[in-house]
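Residue numbers (the numbering used here): -1 to 448.
Even glycine gets a Cβ: it sits at the ideal position worked out from N, Cα and C.
Note that the coordinates shown come from a computational prediction; the quantities given were computed from them, not determined experimentally.
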Ligand code: NDP
Ligand code: 2IT
């Protein structure tokens, strides 16, 4: 059997067994194409059906989330927790609240998380959860009632040594607070079962910044392989949420000019670039006022707002997609390449379509998949768990040092498994193989239990 036959046969079965789950199919195919040659060299992996086991979640929990809105009307949402793989540690991964959440989205995210967490070098398994509830436009009281109802069911399935959720799209400090409060009330115990907590109640310094900062640390390492850096570079960022905000802050502080931010309605282009004052306004606009990125262009007239467009037509050296899955397609990739972009570092999970990835790799530009470059967020969640367990709080400098080391270790792993014969670093291959080997070996050593 050729590698191609193995991949296509596997995918045909996966698609038949999981019909319609297109995001999940996409995520599995990407990993499988990288690891198939490795698997075929090790009959023990084939015989133990490691890959077949990895694509079947250990457990999926789906539940009703009823709540009452401010008008007194009953609302029903759907809740999920996909406990994908616990080979190397308790399930760990974020919770997403967004209207686009489906079982397929949860499974793709939990699958990606398994390999990402393995790359962090910390003992964390893979999981993901969420709901099709969207906090946008809801009052604080509505968000609280929703979070309490969601946690009333979820708390039966999680725990500090079992499954430790955190934030993701639509889940920030406010939502983690409401969920943690309800967890503590129902379980009558104070444990670090959620990460991303407030600083006065068990949170870690630098966790809010960690995904965006980590992505920039990773990009620094990528750029260094070509003698380049952020200094003087023009950067396009998509999104304007947690990851985008701190990617922008770090890129700027490393000497880059950040010229775009976006949300699901459009993007702003500021040819003068962000500065500390403008970024502070964005933080206040998004986290305090819960406003739209369009308002940036109202406040700073040098900026322009492009309704219903994505930022990838703007000329840049470095692109950092930090919003959501499949937000950068082949057409966008062609525009970036034509404009001379030489580095694409993902802050989001699976933001680049397979066709766009192929174009970047064919052009031999630097391209890193989210499971490598956005792993700083979950890694710092792991550091929060450690601090909770030893009942200590580390300083910002201590956490930052760990984060730097972890991102650098992930980069080394990508080099080890992803450097091709001509010297091109295929970060997709490197990240997938390095993450896979760690999880696969743990599964082999533990026998056929899942
Ligand atoms: P936030 O909710 O803070 O921000 C999400 C941003 O993406 C918002 O600007 C949002 O705009 C935009 N967005 C969401 N959906 C869409 C869409 N369909 N089309 C265009 N824009 C969209 O989430 P995060 O910043 O935490 O997450 C961003 C990405 O990073 C996600 O892929 C997430 O999985 C990933 N990630 C997050 C980590 C974390 O620690 N938070 C860690 C690792 C990865 P709008 O307001 O219009 O919805
Ligand atoms: O996608 C991700 O890695 C996250 N949303 C962070 C998960 C976590 O547990 O901190």
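Exposure of residue 393 is indicated by the presence of fewer than 16 other C-beta atoms within 10 angstroms of its C-beta. Around the beta carbon of residue 278, a 10 Å sphere encloses fewer than 16 other beta carbons of the protein chains shown; the residue is thus reported as exposed.
DSSP, read as helix, strand or coil, puts residue 210 in helix.
Taking a C-beta distance under 7 Å as the contact criterion, residue 112 and residue 149 do not qualify as a contact pair. Judged by the Cβ position, residue 102 fails to qualify as a neighbour of ligand 1 at the 6 Å threshold, every heavy atom of the ligand being at least this far.
In this structure, the straight-line span from the alpha carbon of residue 435 to that of residue 429 is close to 10 Å. Counting of Cβ neighbours within 10 angstroms places residue 340 among the buried residues, the total reaching 16 or more. Set against 6 Å, the gap from the CB of residue 285 to the closest heavy atom of ligand 1 is not smaller. Comparing alpha-carbon positions, the option among 176, 205, 261, 1 lying closest to residue 383 turns out to be 205. Cβ-Cβ distances below 6 Å link residue 448 to 56 in the same chain, with the five nearest sequence neighbours on each side left out; the list follows chain order. Within the model, the alpha-carbon separation for residue 254 versus residue 269 is close to 12 Å.
A straight line joining the alpha-carbon of residue 352 with that of residue 280 spans about 31 Å. Using a Cβ-Cβ distance cut-off of 8 Å, the region 186 to 202 and the region 159 to 168 are in contact, since at least three pairs of beta carbons, one from each stretch, lie closer than that value. Note that the C-beta distance between residue 80 and residue 53 is not below 7 Å. Excluding sequence positions up to five before and after residue 33, its CB lies within less than 8 Å of the CB of 49, 430, 431, 434, all in the same chain and listed in chain order.
Taking a contact to require three or more Cβ pairs closer than 8 Å, the region 131 to 150 and the region 66 to 78 qualify as touching.
For residue 105, the CB stays at least 6 Å from every heavy atom of ligand 2. Contact annotation, residue 265 with residue 308: C-beta distance approximately 6 Å; criterion of less than 8 Å satisfied. Remark: the shortest separation between the CB of residue 407 and any heavy atom of ligand 1 does not fall under 6 Å. For residue 241, the distance from the CB to the nearest heavy atom of ligand 1 is below 6 Å.
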